[in-house]
Amino acid sequence: MTTVLVVEDERPLLRALQLALEAHGYTVVTAPTGSSGLASLAESPVDAVVLDLGLPDMDGQLFIRRVRAAAGTPILVLSARHASGQKVAALDAGADDYVTKPFGLEELLARLRAVIRRGRPAPGTERVDTDSFTLDFSARRAVRDGREVRLTPTEWKILEELVRAPGRLVPHRQVLEHVWGPAYVKETQYLRVYLAQLRRKLEADPARPRHLITEPGLGYRFDP
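Residue numbering for the sequence shown is 1 to 224, as defined by UniProt numbering.
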């Protein structure tokens, strides 16, 4: 069964989420604080985390960064913070999606299914080898010329979208929606910045990329 960790300090909501998720077939682990949530993850991995940002002992962004330092577990933020800057900060810290309170249960379930689905590597993409670099998606490890390269959670997500379709065009809209969410499908400047960073980190000659190819006006292509 799929196991979900819910980190939420409002006890009535925590209980309600536990009952709702269990009714839909999930195994649920609960934690009322960030520290107890991190301790639970250290004891046993889960398939996804549902996280409230306003925790009593630490900010939710710190929780996200600590999880991302150790694992690629999908994180769905559930928060009363509506400002777009706060959403972007949580996503840049490594969250996979963001739902604002109050929320509908069906939307929450749909977004949870989506982050879990995206968090599981597609068959054949767990490890990718090129003549310049190697990507191990299961271990979240990138190596170029024998040296390990640190990639951010967002960079890993972008690479996952591209390597799922080797040699084929992946449209801007698809990458933006899957990495940042439906509200960001027109923010193509995000991709330009991140693809430039990825080329500097991975390509032998970033000015003339061999593997991370731009299709002008359309999207990107991964050429193994």
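Ideal placement from N, C-alpha and C gives every residue a C-beta, glycine not left out.
Alpha-carbon spacing of residue i relative to residue j, whole angstroms
i: A159; j: Y190; result: A small correction: the amino acid at residue 159 is Leu; Ala does not occupy that position in the sequence shown. The alpha-carbon atoms of L159 and Y190 are separated by roughly 14 angstroms.
i: A142; j: R127; result: 10 angstroms
i: D92; j: D52; result: 16 angstroms
i: T100; j: A114; result: 16 angstroms
i: S35; j: D57; result: 7 angstroms
i: F63; j: G54; result: 11 angstroms
i: L5; j: R81; result: 21 angstroms
i: R221; j: E107; result: 31 angstroms
i: Q86; j: L135; result: 30 angstroms
i: P102; j: E215; result: 40 angstroms
i: R68; j: R208; result: 31 angstroms
i: G167; j: D47; result: 30 angstroms
i: A165; j: R11; result: 43 angstroms
i: residue 264; j: S40; result: Any answer about residue 264 is impossible in this case: the structure gives the chain only from 1 up to 224.
i: A83; j: E161; result: 27 angstroms
Exposed unless 16 or more other CB atoms sit within 10 angstroms - verdict on residue i
i: E155; result: buried
i: R192; result: exposed
i: G217; result: exposed
i: E78; result: Just to set this straight, residue 78 is Leu in the shown sequence, not Glu. Under this definition L78 is a buried residue.
Own chain residues within Cβ distance below 8 angstroms of residue i, not counting five before or after
i: V149; result: F133, A142, V143, K201 and L202
i: E187; result: L176 and W180
i: M1; result: G25, Y26 and T27
Residue i, DSSP secondary structure in three states
i: S40; result: helix
i: P153; result: helix
i: Y26; result: coil
i: G54; result: strand
i: F63; result: helix
i: E8; result: coil
i: L78; result: strand
Closest residue to residue i among the options (Cα-Cα distance)
i: H24; options: L112, V88 and K186; result: L112
i: D223; options: R15, L212 and P216; result: L212
i: R140; options: T152, G219, V163 and L218; result: T152
i: A95; options: L76, G37 and S84; result: L76
i: P74; options: D131, V50, V170 and D205; result: V50
Own chain residues within Cβ distance below 7 angstroms of residue i, not counting five before or after
i: V28; result: V4, V6, Q18, L21 and E22
i: L14; result: V6, E8, T30 and P32
Same chain only: Cβ atoms within 6 angstroms of residue i, ignoring 5 sequence neighbours per side
i: Y184; result: L176
i: G72; result: R140
beta-carbon residue i near the ligand MG non-hydrogen atom, thresh 6 angstroms
i: E203; result: Only the bare structure without any ligand can be found here, which leaves the ligand MG out of the picture.
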